[in-house]
Amino acid sequence: MSGLCGWIGYGTHINENLQLVQRMAGPLTRFDGGEARTLAGGNSALAVAATGDGAQVYQKEGLLVAIWGRAGFNDPRLNQLARTDGMAKILADNWREKGEKVLESLTGAFSLCILHERENEAIVAIDRMGIHPLSFQISGGCLVFGSSADTIILHPQIKAEISPQGIYNYVYFHMVPGPGTIYQEQKRLLPGEYLVYRNGRIETHKYWEMRFLEDEKRPFQELKQDFLTVLRSSVREAIGDEEAGAFLSGGTDSSTIAGILGEVSGQPARTYSIGFDASGYDEMEYARIAARHFSTRHKEYYVTPDDIVTAIPQVAAIFDQPFGNSSAIPAFYCARMAKEDGLSRILGGDGGDELFGGNVRYAKQHLFSLYEQVPSVMRKGVVEPLVFGMPGGAALPLVRKARSYIEQASIAMPARTETYNLLERYGHGEVFTREFLATVNAGYPASLLDEIYHQSDANSLINRMLAFDRKFTLADNDLPKVAKACELAGIDVGFPLISDEITAFSVRLEPQLKLKGTKLRYFFKEALRGFLPEEIIAKQKHGFGLPFGVWLQHHKPLQALASDSLSDLKSRNVIRADFIDRLLGHHLDEHAGYHGTMVWVLMMLEQWYRQRQIHKQS
1 MSGLCGWIGY GTHINENLQL VQRMAGPLTR FDGGEARTLA GGNSALAVAA
51 TGDGAQVYQK EGLLVAIWGR AGFNDPRLNQ LARTDGMAKI LADNWREKGE
101 KVLESLTGAF SLCILHEREN EAIVAIDRMG IHPLSFQISG GCLVFGSSAD
151 TIILHPQIKA EISPQGIYNY VYFHMVPGPG TIYQEQKRLL PGEYLVYRNG
201 RIETHKYWEM RFLEDEKRPF QELKQDFLTV LRSSVREAIG DEEAGAFLSG
251 GTDSSTIAGI LGEVSGQPAR TYSIGFDASG YDEMEYARIA ARHFSTRHKE
301 YYVTPDDIVT AIPQVAAIFD QPFGNSSAIP AFYCARMAKE DGLSRILGGD
351 GGDELFGGNV RYAKQHLFSL YEQVPSVMRK GVVEPLVFGM PGGAALPLVR
401 KARSYIEQAS IAMPARTETY NLLERYGHGE VFTREFLATV NAGYPASLLD
451 EIYHQSDANS LINRMLAFDR KFTLADNDLP KVAKACELAG IDVGFPLISD
501 EITAFSVRLE PQLKLKGTKL RYFFKEALRG FLPEEIIAKQ KHGFGLPFGV
551 WLQHHKPLQA LASDSLSDLK SRNVIRADFI DRLLGHHLDE HAGYHGTMVW
601 VLMMLEQWYR QRQIHKQS
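The sequence shown runs 1 to 618 under UniProt numbering.
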């Protein structure tokens, strides 16, 4: 991995500070062997680690500045100065002049820190979409921060205590959503957020928020031309001076990136796809359609159950907190092919759904929202008494469907999106031990979902859901999934579909052009009709889903790994032993695909514990 770490408010000797920050930088370079560049003062130190030119540092008169990633300024003059004098120096100069306001002028994917020793103050920040994360913790007046929690817990001021709430949140979401982490007292910056440290105290603020302009109407052809322009510009910016490859799942986003990559680079794109020898999970044919259509230099790999057994401990180790999205493993094998081809960068198509309305649940929630438009007197006085009061109605398929629709449509957003949540379905009292539940707030996930959902200023349902998913689907889940899988493979990754340019375009697009009735990502598909193969425009959304539950039924080494992991997890007094027994027995036999997800989530929790040699509770 590459990233940054450091602290302010601790230490007095520069040499000792340099030794400590070099030790903290170890987790940032353990897979790609990047060079760590370090700076130190009397009560602060920082390190940035990079392969290639992804990091810059600057130090002068007690000011320590570091920036990691591919950042720029929205001012062409400043970009020109950054090319000659260095991004870190220009950032430092502008911070002296503008203070925190300088963050508003930054573009691209980055994390940064500015440490001012004389004033005992600091700023740390991440990009607008949360591509380069930063966690932080304050202890004894000392602020410690890092791209990975694995760096923070190496600092002598920090106690690495596991948070029961973090574990609960992980089982609920299958990841630990920000601003929380798996460690007590440790937090994570949210997308577009920065932290200010002054004399031992911290505050967090937003320098950018996703604000929608929903009433702007423009001709379709004009919109299409602008979209294609920013699409090409974003891919060109993402590859820079390197030869980059692209993930190719055969979906709309990855196919678009593959096609544009070949166009802007002037040569056939290198593309990489993963398949599974399992009915209903393999999408290789769509990837081949895109590869043929764009004449890409295409490579494929079929992931096997043996590959999963090999990769599970490695994937658990690369994540700095438990992570339960199983598609990290196929993403790793895909990225590894690109690395073996000698590439240093690969492009992912993540974000298109969350900017242009591509997730199936958007159409589903639109249908539920229609019931809200029926006058209350009609719903309560006529429709519901008729549907729920009909004698023998439960035996009639149409009436059962109507009852289910009304029941779900009557749940307020965003709770309605969680009606299929696995933990909710099982019941937290059936999953967790009584002792563990006494240490957590079981209502926290619902309150966090509600808080984030109602932060958006959008009037339309689709845009409120897009803003909601910018955090939970992208920043908390898909981006770390792909970034960590690529880190494990030793290759850098770019996400051109969530560039600042494309994001700015999407927030000005009319809501009905994102979701037209139940037609997903209407504008995106229509704008690319004729560019993308028609089969891909028409296909249903799928992705790199892993057939773990299906394979678990028959593959002995996979069964042994899962059983061994969950057996050890029992003794941690977090998950009920009888639930684990039912899960591996009756539940898995009943529906392998559905219940296999919870097996995976709990197995990866135990594997994460093991990789950090965290002992079981007595």
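Note that beta-carbon positions come from the ideal geometry of N, C-alpha and C, so glycine has one too.
Just so we're clear, the structure is a prediction, and the values are computed from it rather than from any experiment.
Which partner residues does Q137 have in the DSSP bridge list?
Answer is V144.
What's the gap between the Cα of Q56 and the Cα of L474?
The alpha-carbon atoms of Q56 and L474 are separated by roughly 26 Å.
On the three-pair Cβ rule with 8 Å, is the region 287-297 touching the region 494-511?
The answer is no - the region 494-511 does not touch the region 287-297, with fewer than three Cβ pairs under 8 Å.
For P322, which residues from the same chain have a beta carbon less than 7 Å from its beta carbon, with the 5 sequence-adjacent residues on both sides left out?
If we look at P322 and ignore the five residues flanking it on each side, its Cβ neighbours are Y170, V176, I182, M604, L605, W608.
Below 8 Å, can you find three or more Cβ-Cβ pairs linking the region 544-564 to the region 590-601?
Output reads yes: the region 590-601 touches the region 544-564.
Does DSSP put Q56 in a helix, a strand or coil?
Note: Q56 maps to strand in three-state DSSP.
Looking only at DSSP bridge pairs, what is I123 linked to?
DSSP output for I123 lists I114, V196 as bridge partner(s).
Are the beta-carbon atoms belonging to G357 and L497 less than 8 Å from one another?
Taking 8 Å as the Cβ cut-off, G357 and L497 do not qualify as a contacting pair.
Could you tell me whether the region 559-579 touches the region 391-398, using the rule of 3 or more Cβ pairs below 8 Å?
With the cut-off at 8 Å, the region 559-579 and the region 391-398 do not touch.
Can you check whether the CB of G62 is closer than 8 Å to the CB of E117?
Yes; because the gap between Cβ atoms is below 8 Å, this pair is in contact.
By DSSP, does residue 623 sit in helix, in strand, or in coil?
The structure shown does not extend to residue 623, since the chain is modelled only from 1 to 618, so the question has no answer here.
Note down, in chain order, each residue of its chain lying with its Cβ closer than 7 Å to the Cβ of H587, except the 5 sequence neighbours on either side.
Closer than 7 Å at the Cβ level, and outside the excluded window around H587, lie H595.
Going by DSSP, which residues form a beta bridge with C5?
Note: C5 sits in a beta bridge opposite A47, G146.
Label S618 either buried or exposed according to how many other C-beta atoms from any shown protein chain fall within 10 Å of its C-beta, with 16 as the threshold for buried.
For S618, the pLDDT reaches just 34, beneath the cut-off of 50, and the residue's location in the model is therefore unreliable, although a value from the coordinates is still provided. Exposed, since its Cβ has fewer than 16 Cβ neighbours within 10 Å.
How would you call H155, buried or exposed, if buried means at least 16 neighbouring beta carbons within 10 angstroms?
With 16 or more other Cβ atoms within 10 Å, it is buried.
Give the straight-line distance between the Cα atoms of C142 and A149, rounded to the nearest whole angstrom.
Approximately 16 Å between the Cα atoms of the pair.
Return helix, strand or coil for V65, following the three-state DSSP convention.
Here V65 sits in strand by DSSP.
Given a cut-off of 8 Å on the beta-carbon distance, is the pair A40 and N17 in contact?
Yes, these two residues count as a Cβ contact at 8 Å.
Below 8 Å, how does it come out for the region 409-416 and the region 131-146: are there three or more Cβ pairs, yes or no?
No: the two stretches stay apart, fewer than three of their Cβ pairs being nearer than 8 Å.
Taking only the alpha-carbon atoms, compute the straight-line gap between T252 and G240 and give it to the nearest angstrom.
Computed Cα separation, rounded: 23 Å.
Which same chain residues, not among the five before or five after C486, have their C-beta less than 6 Å away from its C-beta?
The residues are A335, V493.
Excluding the five sequence neighbours on either side, which residues of its own chain have a C-beta within less than 7 Å of the C-beta of P313, listed in chain order?
Only Q607, Q611 meet the Cβ criterion.
Evaluate Q221 with the Cβ neighbour count: other Cβ atoms within 10 Å of its Cβ, from every protein chain shown; 16 or more gives buried, anything less gives exposed.
It counts as exposed.
Which value, in whole angstroms, describes the spacing of the CA atoms of I308 and N120?
Rounded to whole angstroms, I308 to N120 spans 48 Å at the Cα level.
Just verifying my parser: in three-state terms, what is the DSSP assignment at Y281?
In the structure shown, Y281 sits in coil (DSSP, three-state: anything other than H, G, I, E or B).
In the structure shown, what three-state DSSP assignment does L347 receive?
Here L347 sits in strand by DSSP.
In whole angstroms, what is the alpha-carbon distance linking Y272 and L189?
Using only the alpha carbons, I get a separation of about 32 Å.
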